[in-house]
Amino acid sequence: MLAETEQVSRIVDKLSGIYLSANGQTGDLLARAGLPVINRSMTALEYVRRQDVTYSRLARALTLGGIRVPGVDSWELPERLATRVEVEARYAAYIEKELAQVERARRLESRRIPEYVDFSVLPSLRIEAREKLERFRPATVGQASRIAGVTPGDVAVLLVHLERLENGVPR
-11 MLAETEQVSR IVDKLSGIYL SANGQTGDLL ARAGLPVINR SMTALEYVRR QDVTYSRLAR
49 ALTLGGIRVP GVDSWELPER LATRVEVEAR YAAYIEKELA QVERARRLES RRIPEYVDFS
109 VLPSLRIEAR EKLERFRPAT VGQASRIAGV TPGDVAVLLV HLERLENGVP R
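For the sequence shown, counting from 1, position 85 maps to 73 in my numbering; every step adds exactly one.
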């Protein structure tokens, strides 16, 4: 399974480095493989993201065109792996965005709230949030975000306040 995942990742990586130009030769190659012609230059990875393109047909075009790259012995893949290449190509941007959000949440989870913070003097916090934060005294932003009655907006206000404290800027 790991070898398959590495193979799919390697193919996706190589596709991002192959540029398809919007010229007649590329169009002929794509047409011979039963693929739609392109009207602007793009990477092969961008091309696979299109709904009317399958990796298997693109692999046929790359093979017909004699396009070879180091690290890829053959463009042909079992259908199961070809589908994985398509999924990874189509959802890579979404997955990267989600991973970035997870990383941001992880950083916020462990961001410490100094014990001396007086939540009651933060006018931008909703009254309910101020009361709950004063009562529970969370040690981290992650803990604060899980308190019932503390909204994402309240957490954002808290983060701004913590930034100001760190930078020595008064309320």
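For glycine and all other residues, C-beta sits at the position ideal for the given N, C-alpha and C.
Query                                                                                                                                                   : Result
Q13 lies in the alpha helix (DSSP H); which residues open and close that run?                                                                           : G12 to R20
Beta-carbon within less than 6 angstroms of S133's beta-carbon, same chain only, minus the 5 sequence neighbours each way: which residues are those?    : V143
Checking 8 angstroms against the spacing of the C-beta atoms, do V129 and L87 come in under that value?                                                 : no
According to DSSP, V57 sits in a beta bridge with which residue or residues?                                                                            : V60
What does DSSP give as the partner residues of R100 in its beta bridges?                                                                                : T128
Quick check on L23: does DSSP put it in helix, strand or coil?                                                                                          : coil
Return the residue from the list L65, V36 and N155 that minimises the CA-CA distance to Y7.                                                             : V36
Pull up the CB-CB distance for A77 and L33, whole angstroms please, since I reckon it's below 8 angstroms.                                              : 5 angstroms
Could you spell out where the alpha helix (DSSP H) holding V157 opens and where it closes?                                                              : Here V157 belongs to no alpha helix (DSSP H), and DSSP marks it neither H nor E.
Please return the same chain residues whose Cβ sits closer than 7 angstroms to the Cβ of A10, not counting the five positions on each side in sequence. : I26, N27, R28 and S29
Bridge partners of L8, per DSSP?                                                                                                                        : M30
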